[in-house]
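Contents: one structure, followed by commentary.
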Amino acid sequence: MANSFHIVVCASIVPDPLQTLEPAAGAGAPGLKNEMMLPAVLDPWAASALYEAANLAAKHPGSKVYLVSLGPKSKLQQVMMTVAQKVPFELVAVDGPLGGFTDAHSTAAALAEAITAIPGLEREHMLLFGGWESASRGAGVTMPVLGERLGITDQFQGVDEITVRDDGSFEVLERVEGGKHQVSVCAGAPAVLGWATGSLPEPRNSPQVGMANMRGIMPALQKAKSVKLDANGLSYVSVSLPKQQRVTRVVRDVPEDEIAREIVQWIAE
Amino acid sequence: MEKLLVLTHVDESGAALTKASLESVAAGVEFAGALGASLTIGIVGAQGEAAAEQVAGTAARVLIVCGEAFAQARYASDAAACEALARAAEATIVFAPASSRFARVVPGAAFQLGGFTDTHITSLAMGETLEACRWYYRQRVEAVVRRETRPWFLLLEGGTRAAWVASGDAPEVERVAVTLPALRTTVSGVRAPKLDEQTIRPEAKVLFVAGAGWTKKQADGQVHAAEAEQLILGFLRAADASLGSSKSLVDQSGENQPVLKFMTHMNQIGQTGATPRHPKGLSTCCHGEEPHVVGWRFITERRAVSLDPNCGWARGKADVLYVADAFKVMAKVNALLMEKNKAAN
Chain A
0 MANSFHIVVC ASIVPDPLQT LEPAAGAGAP GLKNEMMLPA VLDPWAASAL
50 YEAANLAAKH PGSKVYLVSL GPKSKLQQVM MTVAQKVPFE LVAVDGPLGG
100 FTDAHSTAAA LAEAITAIPG LEREHMLLFG GWESASRGAG VTMPVLGERL
150 GITDQFQGVD EITVRDDGSF EVLERVEGGK HQVSVCAGAP AVLGWATGSL
200 PEPRNSPQVG MANMRGIMPA LQKAKSVKLD ANGLSYVSVS LPKQQRVTRV
250 VRDVPEDEIA REIVQWIAE
Chain C
0 MEKLLVLTHV DESGAALTKA SLESVAAGVE FAGALGASLT IGIVGAQGEA
50 AAEQVAGTAA RVLIVCGEAF AQARYASDAA ACEALARAAE ATIVFAPASS
100 RFARVVPGAA FQLGGFTDTH ITSLAMGETL EACRWYYRQR VEAVVRRETR
150 PWFLLLEGGT RAAWVASGDA PEVERVAVTL PALRTTVSGV RAPKLDEQTI
200 RPEAKVLFVA GAGWTKKQAD GQVHAAEAEQ LILGFLRAAD ASLGSSKSLV
250 DQSGENQPVL KFMTHMNQIG QTGATPRHPK GLSTCCHGEE PHVVGWRFIT
300 ERRAVSLDPN CGWARGKADV LYVADAFKVM AKVNALLMEK NKAAN
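For the record, the sequence lines run as chains A and C. Counted the way numbering that gives the first Met the number 0 counts, the first sequence spans residues 0 to 268. Counted the way numbering that gives the first Met the number 0 counts, the second sequence spans residues 0 to 344.
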């Protein structure tokens, strides 16, 4: 079908940003204290990618959205209960370790294997979506390496917008320095798009969408392949929380004129 | 012996290296010495030869990939250029600036060479071997890492060290040929956000952080969003400041709440936003706890204006907290700045 896409969204899960995080020593790589107990959410930038994927698929009949997610099965199941209510997708689950201290290159290898094994996935129509960075590792390495593993050399990072043209080519806006966007035109799929925030709000929960998604989610979790992630020579010398406390001088009961003068003088220093 | 390569690229002019590139050059000179490594500098850009003058005095071998294909920041051509430079230098360790151009391509180029990449490096040190410091969980956990595998690519954060200043004669340059794949992407230009004016200025001395309080009901029970816009834009103009925002404020546009028209997700700092580096930061009408604080972790001097003396955003995070009405304070600050600017002109 003309201009239909197979959109593969790579999205992992991260601790809810409102949780207090404390690093802890692990058997290999470090982890977070009580990591498995922390409430988890879909990675925020990857969630933007998922919503943009669903929006794009809705505009182009015949398109399909796959959500490929790597994490402990039990945590994936918990997060998918919420995510499933948002947009239609087919889950491809990979049972693996949680956390930001795992190596991005191994994550990319595991995701590439999972994507390659998706039945019926048409590579020539594939758009590979994900967050440009995760909210855990925050490296921006997984998507470019995954793209290379799948032989895709049209890659875009920090994407906020995609506009598909009638001929199948598309325009992409990527974030660059100074609050600007670089505008590129790609001849067509396949391509890698690492999303920033995009422009879509979080979709409202839809029970109908949730019901349809759940029919595929439990079987996908049951057949999730278990993977171990190699460190690739990466080791941690130290992991710590930064010192955050400053001695704050609290200025109160002072007229605005005086505060303004002090601020202006401080700016000029 | 390690072989250290510093990858650099030109700016919009096509003939000068970016500041972040020159910072990476300075890091290369320092750590080539510490590692006892040979140093090579690779330059990517339309007019690489002209830019090479800026690395004079490094005593490095200088390789360039130049030509029209490299005038554009495009994945396929840039990745091929980085790969070719690393092969020509036989690099075991590669430094590169964490610019949007190189952040896009370096991990992929490293993969083609069988290498590995670590990004957002804020500092480097020599322990038993090279050690790199970076942040995890959106600047909430700091770690020092090593890698045994080579080649090891490190993307260095901008603003974390002084830029290299050229001295002496221009270096000799060697051109490196690149075999390009089929290019399916064309860069058609750069577009500023649809705003009344540009509010993000990475080189600004001051970051102004606006919180959701600007669009909440004030003492008179009314929302004063239009006045807030005037005050904020007035300050940005008068102080030549950059604008950051809390997530709650930028999210309001999708929630049918009062909004500041010039505010977009590009302005957002914190958990899912940017972590800009400016010498000074002034936060106003912000509230919240840990997730917001990461947004100004790299701001050196911090002050806050808030009506809440126990504001979690400010106490223990800012150097000074002014307990006052930001509308009134900023009106007076703007008046003083305009007066001062007028006198200076």
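Ideal Cβ placement from N, Cα and C applies to all residues, glycine included.
Could you round the C-beta distance between C/Val-54 and C/Ala-161 to whole angstroms and report it? I think they count as a contact, below 8 Å. Taking the first residue of the second sequence as position 1, residue 54 of chain C is located at position 55. Taking the first residue of the second sequence as position 1, residue 161 of chain C is located at position 162. At roughly 15 Å, the Cβ-Cβ gap does not stay under 8 Å, so C/Val-54 and C/Ala-161 are not in contact.
Can you grab the Cα-Cα spacing for the pair A/Glu-34 / A/Pro-143, in whole Å? One-based indexing of the first sequence puts residue 34 of chain A at position 35. One-based indexing of the first sequence puts residue 143 of chain A at position 144. Going by the C-alpha atoms only, they are around 27 Å apart.
Grouping DSSP H, G and I as helix and E and B as strand, with all else coil, what is C/Lys-216? Against the second sequence, residue 216 of chain C aligns to sequence position 217. Strand.
Compare the C-beta of C/Trp-163 against all C-beta atoms of chain A and say whether one is closer than 8 Å. The residue labelled residue 163 of chain C in the question sits at position 164 within the second sequence. No, no contact with chain A.
Contact set between the stretch 175 to 192 of chain A and chain C, restricted to residues whose Cβ is under 7 Å from the partner: Val-175, Glu-176, Gly-177, Gly-178, Lys-179, His-180, Gln-181, Val-182, Ser-183, Val-184, Cys-185 and Ala-186
Answer with buried or exposed for C/Asp-219, where buried requires no fewer than 16 other C-beta atoms within 10 angstroms of its C-beta. Here residue 219 of chain C refers to the residue found at position 220 of the second sequence. The residue is exposed, with fewer than 16 neighbouring Cβ atoms inside 10 Å.
For the stretch 59 to 90 of chain C, which residues have a beta carbon sitting closer than 8 Å to at least one beta carbon of chain A? Ala-72, Arg-73, Tyr-74, Ala-75 and Ala-78
Who are the neighbours of C/His-277 on chain A, taking C-beta pairs under 7 Å? Taking the second sequence and counting its residues from 1, the one referred to as residue 277 of chain C is at position 278. Per Cβ cutoff of 7 Å: no residues; C/His-277 is ~11 Å from chain A at best.
Comparing the C-beta of C/Asp-318 with each C-beta of chain A, is any distance below 8 Å? By one-based count along the second sequence, residue 318 of chain C stands at place 319. So, interface residue.
The alpha helix (DSSP H) with A/His-104 in it runs from where to where? For the purposes of this step, residue 104 of chain A is taken as residue 105 along the first sequence, with counting starting at 1. It spans 103 to 115 - the alpha helix (DSSP H) in which A/His-104 sits, taken as one unbroken run.
Run through chain C and tell me which residues come within less than 9 Å of A/Tyr-235, C-beta to C-beta. In the first sequence, counting from the first residue as 1, residue 235 of chain A sits at position 236. The contacting residues are Ala-142, Val-143, Val-144 and Arg-145.
I'd like to know if the stretch 181 to 189 of chain C and the stretch 30 to 50 of chain C are in contact, where contact means that at least 3 CB-CB pairs between them fall below 8 Å. no
Enumerate in chain order the residues of its own chain whose CB-to-CB distance from A/Leu-220 is below 7 Å, with the five nearest sequence positions on each side excluded. For the purposes of this step, residue 220 of chain A is taken as residue 221 along the first sequence, with counting starting at 1. Here the set comprises Lys-72, Leu-75, Gln-76 and Ala-92.
Top-ranked residue by Cα proximity to C/Arg-100, from C/Ala-80, C/Ala-88, C/Arg-86 and C/Gly-113: For the purposes of this step, residue 100 of chain C is taken as the residue at position 101 of the second sequence. Comparing Cα-Cα distances from C/Arg-100 to each of C/Ala-80, C/Ala-88, C/Arg-86 and C/Gly-113, the minimum goes to C/Ala-80.
Check each candidate in C/Arg-73, C/Tyr-74, C/Val-205 and C/Val-105 and name the one with the smallest Cα separation from C/Ala-85. As a working note, residue 85 of chain C is residue 86 in the second sequence. It is C/Val-105 whose Cα lies nearest to the Cα of C/Ala-85.
What does A/Val-8 reach in chain C if we use C-beta pairs closer than 9 Å? As a first step, residue 8 of chain A is located in the first sequence; it is residue number 9 there, counting from the start. Those within 9 Å of A/Val-8 in chain C number zero; the least Cβ separation is about 17 Å.
Does any residue of chain C have a CB that is nearer than 8 Å to the CB of A/Gln-154? Working through the first sequence from its first residue, we reach residue 154 of chain A at position 155. Closer than 8 Å: yes.
Does DSSP put C/Ile-199 in a helix, in a strand, or in coil? For the purposes of this step, residue 199 of chain C is taken as the residue at position 200 of the second sequence. C/Ile-199: coil per DSSP, three-state reduction.
Could you tell me the distance, in whole angstroms, from the CA atom of C/Pro-201 to the CA atom of A/Pro-254? Counted from its first residue, the second sequence places residue 201 of chain C at position 202. Counted from its first residue, the first sequence places residue 254 of chain A at position 255. In a straight line, the C-alpha of C/Pro-201 is about 32 Å away from that of A/Pro-254.
With C/Arg-133 and C/Thr-121 assumed to form a contact (beta carbons below 8 Å), what rounded beta-carbon distance in angstroms separates them? Numbered from 1 along the second sequence, position 134 holds the residue referred to as residue 133 of chain C. Numbered from 1 along the second sequence, position 122 holds the residue referred to as residue 121 of chain C. So it is a contact: roughly 6 Å between Cβ atoms.
Name, going along the chain, the residues of the stretch 192 to 213 of chain A whose beta-carbon falls closer than 9 Å to a beta-carbon of chain C. Gly-193, Ala-195, Thr-196, Gly-197, Ser-198, Leu-199, Pro-200 and Glu-201
Which residue comes first and which comes last in the alpha helix (DSSP H) that contains A/Glu-147? Counted from its first residue, the first sequence places residue 147 of chain A at position 148. From DSSP, the alpha helix (DSSP H) with A/Glu-147 extends over 141 to 148.
Proximity below 8 Å, CB of C/Thr-128 to CB of C/Arg-145: Here residue 128 of chain C corresponds to residue number 129 of the second sequence, with the count starting at 1. Here residue 145 of chain C corresponds to residue number 146 of the second sequence, with the count starting at 1. Their beta carbons are under 8 Å apart, which means C/Thr-128 touches C/Arg-145 by this criterion.
Between which two residues does the alpha helix (DSSP H) containing C/Arg-103 stretch? What you label residue 103 of chain C is simply residue 104 of the second sequence in a count that begins at 1. Looking at the DSSP string, the run of the alpha helix (DSSP H) that includes C/Arg-103 is 99 to 111.
Could you spell out where the beta strand (DSSP E) holding A/Gln-154 opens and where it closes? Position 155 of the first sequence, counted from the start, is the residue given in the question as residue 154 of chain A. 154 to 163 is the span of the beta strand (DSSP E), which, as asked, contains A/Gln-154.
According to the Cβ coordinates, are C/Ser-282 and C/Gly-210 closer than 8 Å? Walking along the second sequence from the start, residue 282 of chain C turns up at place 283. Walking along the second sequence from the start, residue 210 of chain C turns up at place 211. Yes, Cβ-Cβ distance for C/Ser-282 and C/Gly-210 is below 8 Å.
Ordered list of alpha helix (DSSP H) runs contained in the stretch 19 to 97 of chain C, each at least 4 residues: 47 to 51 and 74 to 88
Rounded to whole angstroms, what's the CA-CA distance from C/Trp-151 to C/Gly-280? Just pull it up for me. On the second sequence, residue 151 of chain C is found 152 positions in, with the first residue counted as 1. On the second sequence, residue 280 of chain C is found 281 positions in, with the first residue counted as 1. For C/Trp-151 and C/Gly-280, the distance between alpha carbons rounds to 35 Å.
At least one CB of chain A closer than 8 Å to the CB of C/Arg-160: is that the case? Residue mapping note: residue 160 of chain C aligns to position 161 of the second sequence, counting from 1. It does not: the Cβ of C/Arg-160 has no partner Cβ on chain A nearer than 8 Å.
Pick out whichever of A/Ser-3, A/Ala-24, A/Tyr-50 and A/Pro-29 has its Cα sitting closest to the Cα of A/Glu-160. On the first sequence, residue 160 of chain A is found 161 positions in, with the first residue counted as 1. Out of A/Ser-3, A/Ala-24, A/Tyr-50 and A/Pro-29, A/Tyr-50 has the C-alpha closest to the C-alpha of A/Glu-160.
Check whether the Cβ atoms of C/Leu-154 and C/Ala-75 sit closer than 8 Å, and answer yes or no. Locating residue 154 of chain C in the second sequence gives position 155, where the first residue counts as 1. Locating residue 75 of chain C in the second sequence gives position 76, where the first residue counts as 1. Result no, Cβ atoms of C/Leu-154 and C/Ala-75 do not sit closer than 8 Å.
Tell me whether C/Pro-290 sits in a helix, a strand or coil according to DSSP, three-state version. As a working note, residue 290 of chain C is residue 291 in the second sequence. Here the model assigns C/Pro-290 a pLDDT of 47, short of 50, so the residue's position is not dependable, and the following value carries that caveat. DSSP places C/Pro-290 in helix when its eight states are reduced to three.
Given a cut-off of 8 Å, decide if C/Val-319 and C/Arg-302 are closer than it, judged by their beta-carbon atoms. For the purposes of this step, residue 302 of chain C is taken as residue 303 along the second sequence, with counting starting at 1. For the purposes of this step, residue 319 of chain C is taken as residue 320 along the second sequence, with counting starting at 1. Result yes, Cβ atoms of C/Arg-302 and C/Val-319 sit closer than 8 Å.
Considering just the uninterrupted stretch of the alpha helix (DSSP H) at A/Gln-207, what are its terminal residues? Position 208 of the first sequence, counting from 1, holds the residue named residue 207 of chain A. Run containing A/Gln-207: 206 to 221, per the alpha helix (DSSP H) assignment.
A/Asp-256 CB to nearest chain C CB: under 8 Å? As a working mapping, residue 256 of chain A is identified with position 257 in the first sequence. Interface residue, yes.
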